[in-house]
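Below is the structure:
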């Protein structure tokens, strides 16, 4: 049980620096070891010592998320779409609401904290409240236009200050991508939510290849290959070296049984300066061999 709590807790604890003050270190260890009563007592003590420290709210969030979480070994589809044995976690929804309220305390004073907003979305995904996750993600996309993608991360520092490899729109879409695929499964029950997300992406970022790829994935999933191909072609025009987009274009033509065009784009990948692209192109050509 200790190991299971550790794994799930670290998903949320990743949004701050573990090697800070003693309160942080001790609270982190207590959470990881499932010592929730001791952790709550420590947080109250920490709050008295540093009443203006907003980072305490992150630990309260983790405390409420984890204290009544139940773990079940399960065989089936995981949240990333893969199938296999995994640790299914059921969260107390009242506790999730309380946990998220601590994030809202941070966002009230530091509204551009993308680490907090993305973790809020993740909390709703983990607790399978996909409608709330969708709303939270759309709020992030809308806010990005208001703050011009001037995001902050842990302790309200800029991504550059803490050495993050991405910032601005790139950071935004790395967050969107992670949350998007968290909501994507199971598709059938969430497809209306996914449609809302891609509509917002296309409305505000019509020329972002990440967003276009999301839209193409949605259209392909509902069987609208023509629309998916249209979107992917636009993405390729914007970035002809994006092998993921090119590969998806070839694959969508393949699904649509237009094998000549599938062959065209798989062969295109063979000329790309990326070993993964070349390998994907080879695999695609092998699959459609003899069909054109």
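In our numbering, the protein residues as written are 921 to 1212.
Don't be surprised by glycine CBs; every beta carbon is placed ideally from N, CA and C.
Check your understanding: residue 1195 lies in the alpha helix (DSSP H); which residues open and close that run?
Key -> Looking at the DSSP string, the run of the alpha helix (DSSP H) that includes residue 1195 is 1195–1208.
Practice item. Determine, using beta-carbon pairs with one atom in the segment 1013–1032 and one in the segment 1066–1077, whether at least three such pairs fall under 8 angstroms. Key: Taking one beta carbon from each stretch, the segment 1013–1032 and the segment 1066–1077 have 3 or more pairs nearer than 8 angstroms; the two touch.
**Study point:** Straight-line Cα distance separating residue 1185 from residue 1010
**Key:** Going by the C-alpha atoms only, they are around 43 angstroms apart.
Check your understanding: Is the beta carbon of residue 1095 less than 7 angstroms from the beta carbon of residue 1047?
Key -> Not a contact, by the Cβ cut-off of 7 angstroms.
Review point. How big is the Cα-Cα spacing for residue 944 and residue 969?
Key: Cα to Cα, residue 944 sits roughly 13 angstroms from residue 969.
**Study point:** Residue range of the unbroken beta strand (DSSP E) whose run includes residue 1007
**Key:** Start and end: 1003–1010.
Review point. For residue 952, which three-state DSSP category applies?
Key: Helix at residue 952.
Check your understanding: Ordered along the chain, which non-local residues of its own chain (more than five positions away) have a Cβ less than 7 angstroms from that of residue 1040?
Key -> 1020, 1023, 1056.
Check your understanding: What are the residues that DSSP puts in a beta bridge with residue 998?
Key -> The partner list for residue 998 (beta bridge, DSSP) is empty, contrary to what the question assumes.
Review point. Smallest Cα separation from residue 985: which of 1044, 1025, 1146?
Key: Minimum Cα distance to residue 985 is reached at 1044.
Exercise for review: Just grab the DSSP bridge partners of residue 958 for me.
Suggested key: Residue 958 has no beta-bridge partner at all, per DSSP.
Review point. Are the CB atoms of residue 1067 and residue 1088 nearer to each other than 7 angstroms?
Key: Not in contact: residue 1067 and residue 1088 (Cβ atoms no closer than 7 angstroms).
Point to revise | Alpha-carbon spacing of residue 1167 relative to residue 1149, whole angstroms | key: When the Cα atoms are used, residue 1167 and residue 1149 turn out to be separated by approximately 11 angstroms.
Point to revise | Proximity of residue 1197 and residue 1189 at Cβ, strictly below 7 angstroms | key: Going by beta carbons, residue 1197 and residue 1189 fall inside the 7 angstroms limit.
Point to revise | First and last residue of the uninterrupted alpha helix (DSSP H) at residue 978 | key: Per DSSP, the unbroken alpha helix (DSSP H) holding residue 978 starts and ends at 976–986.
Point to revise | Span of the alpha helix (DSSP H), counted from its first residue to its last, around residue 1177 | key: DSSP places residue 1177 in no alpha helix (DSSP H); its state is neither H nor E.
Exercise for review: Under the assumption that residue 1130 contacts residue 1093 (Cβ atoms under 8 angstroms), give the Cβ distance between them as a whole number of angstroms.
Suggested key: In this structure residue 1130 is in contact with residue 1093, their Cβ atoms being roughly 4 angstroms apart against a cut-off of 8 angstroms.
Practice item. Name the residue from 1059, 1014, 1054 whose alpha carbon lies nearest to the alpha carbon of residue 1034. Key: A check of alpha carbon separations from residue 1034 across 1059, 1014, 1054 identifies 1059 as the nearest.
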